[in-house]
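Have a look at the structure below before the remarks.
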Amino acid sequence: MSADTQHEWLTTPLGAYLQQQEQALFDSAVSDVFGFNAVQIGMATMDLLRSSRIPFSFKAGNGQGDALCDSRYLPFLSNSIDLLLLPHALEFSHDPHQTLREAERVLVPEGHIMLAGFNPISAWGLKRALTKDDGYPWNGSFLRLPRIKDWLALLGFEMVAGRMACYAPPFANPAWRRRFEFMDKSGDRWWPMMGGIYFIVAKKRVLGMRVIRPNWNKSGLKPNLVSVPSQRQPSQKIDNNKRAK
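The opening position of the sequence shown corresponds to residue 1 in my numbering, with each subsequent residue numbered one higher.
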């Protein structure tokens with residue numbers, strides 16, 4: 001997939017709709033993760049880490065970003081990344097399972113992975129199955145959500161959160177799509193598994209390892225500590241005359 005092709009589609013009304021929905025999901029999720037290093041793989045035209053509190057963040061990908069790389073072979077040290085974003089990276093990876101293995105390798109214990117993918121069990125998946133359009137995003141491999149969850153579980157990830165979005169049919173005409181805006185408002189309630197995209201947050205667990213974090217709420221001194229002088233018993237006077245007797 002060409003980065004230019006992706007960027008061109010994202011500037012369309014349908015692409016803008018997708019960006020609006022996904023930006024809100026990532027903004028809400030990344031703000032709750034702490035650490036030192038965060039990386040976004042793919043979708044370089046979107047700043048999905050803009051709400052992150054992690055001090056060092058950058059983008060990487062095939063053709064765009066601060067570091068050019070393939071998602072299957074990340075140029076990062078093992079156990080060095082606290083937060084890794086994979087927006088639609090699996091659909092366009094030649095080996096999506098290897099991409100997840102690389103994600104597991106570079107993440108620190110208790111590190112977080114966040115990914116977004118196109119849901120084949122949706123109106124978006126139906127359009128992909130019926131359309132002859134071989135452009136982005138219809139030329140990607142839409143992966144079923146249960147399959148992604150199985151892969152994450154096998155790699156030792158624990159699911160933290162999950163959401164669906166883009167319930168409205170993927171009409172290219174904005175006027176037609178606006179007629180179905182009610183689906184975005186009620187989709188989570190009435191057809192929760194039919195969203196055009198799924199969003200997953202998972203945490204890397206390492207068996208037998210316990211991460212010890214400092215408790216900044218506890219102080220070495222007790223609050224309102226005041227020194228109290230010790231109460232000494234009055235010394236007993238010795239009567240020398242009595243001792244002599």
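Beta carbons: idealized from backbone N, C-alpha and C, even for Gly.
Rounded C-beta distance between residue i and residue j? I'm assuming under 8 Å.
i	j	result
residue 92	residue 196	Not a contact, Cβ separation roughly 17 Å.
residue 29	residue 161	7 Å
residue 154	residue 202	Not really, about 12 Å apart at Cβ, beyond 8 Å.
residue 78	residue 33	At roughly 19 Å, the Cβ-Cβ gap does not stay under 8 Å, so residue 78 and residue 33 are not in contact.
residue 90	residue 143	6 Å
Within the same chain, show all residues whose beta-carbon is closer than 7 Å to that of residue i, passing over the 5 residues directly before and after it, in chain order.
i	result
residue 170	14, 123, 124, 127 and 196
residue 5	135 and 136
residue 45	7 and 10
I'd like to confirm something about residue i: is its beta-carbon nearer than 7 Å to some heavy atom of the ligand MN, or not?
i	result
residue 142	Looking at this structure, you won't find the ligand MN or any other ligand, since it has none at all.
Pull up the distance between the alpha-carbon of residue i and that of residue j, whole angstroms please.
i	j	result
residue 54	residue 113	14 Å
residue 56	residue 132	42 Å
residue 60	residue 150	26 Å
residue 130	residue 140	14 Å
residue 178	residue 3	28 Å
residue 19	residue 70	23 Å
residue 204	residue 186	32 Å
residue 189	residue 175	24 Å
residue 95	residue 138	18 Å
residue 220	residue 207	In this prediction, residue 220 has a pLDDT of 47, which is less than 50 and means its spatial position is unreliable; nothing more can be read from the coordinates.
residue 166	residue 120	13 Å
residue 110	residue 173	43 Å
residue 182	residue 168	8 Å
residue 68	residue 62	5 Å
residue 184	residue 191	10 Å
residue 99	residue 64	17 Å
residue 147	residue 76	26 Å
residue 24	residue 16	12 Å
Residue j and residue i - do their beta-carbons sit closer together than 8 Å?
i	j	result
residue 293	residue 26	Past the boundaries of the shown model lies residue 293; the chain is included only from 1 to 245, so the question cannot be answered.
residue 97	residue 42	no
residue 40	residue 74	no
residue 156	residue 104	yes
residue 116	residue 58	no
residue 51	residue 83	no
residue 164	residue 193	yes
Suppose the cutoff is 8 Å on Cβ atoms and the five residues either side in sequence are ignored; what does the same chain contact list for residue i look like?
i	result
residue 66	58, 59 and 60
residue 102	71, 72, 73 and 74
residue 261	Because the chain is modelled from 1 through 245, residue 261 falls outside the range shown and cannot be assessed.
residue 31	51, 52 and 53
So that I know if they touch, is there some Cβ in chain C lying closer than 8 Å to that of residue i?
i	result
residue 117	Among the chains of the structure shown, chain C does not appear; only one protein chain is present.
To which residues of the same chain is residue i closer than 6 Å at the C-beta, ignoring the five residues directly before and after it?
i	result
residue 21	165 and 166
Exercise for review: Write down every uninterrupted run of the alpha helix (DSSP H) in the segment 138-174 whose length is 4 residues or greater and which is fully enclosed by it, in chain order.
Suggested key: Runs found: 145-154.
Exercise for review: Could you tell me which uninterrupted alpha helix (DSSP H) segments, each at least 4 residues in length, are contained entirely in the segment 1-53, listed from first to last along the chain?
Suggested key: The qualifying runs are 3-10 and 13-30.
Review point. Which runs of the alpha helix (DSSP H) spanning at least 4 residues fall entirely within the segment 54-128, listed in chain order?
Key: Entirely contained in the segment 54-128, the alpha helix (DSSP H) runs reaching 4 residues are, in chain order, 96-106.
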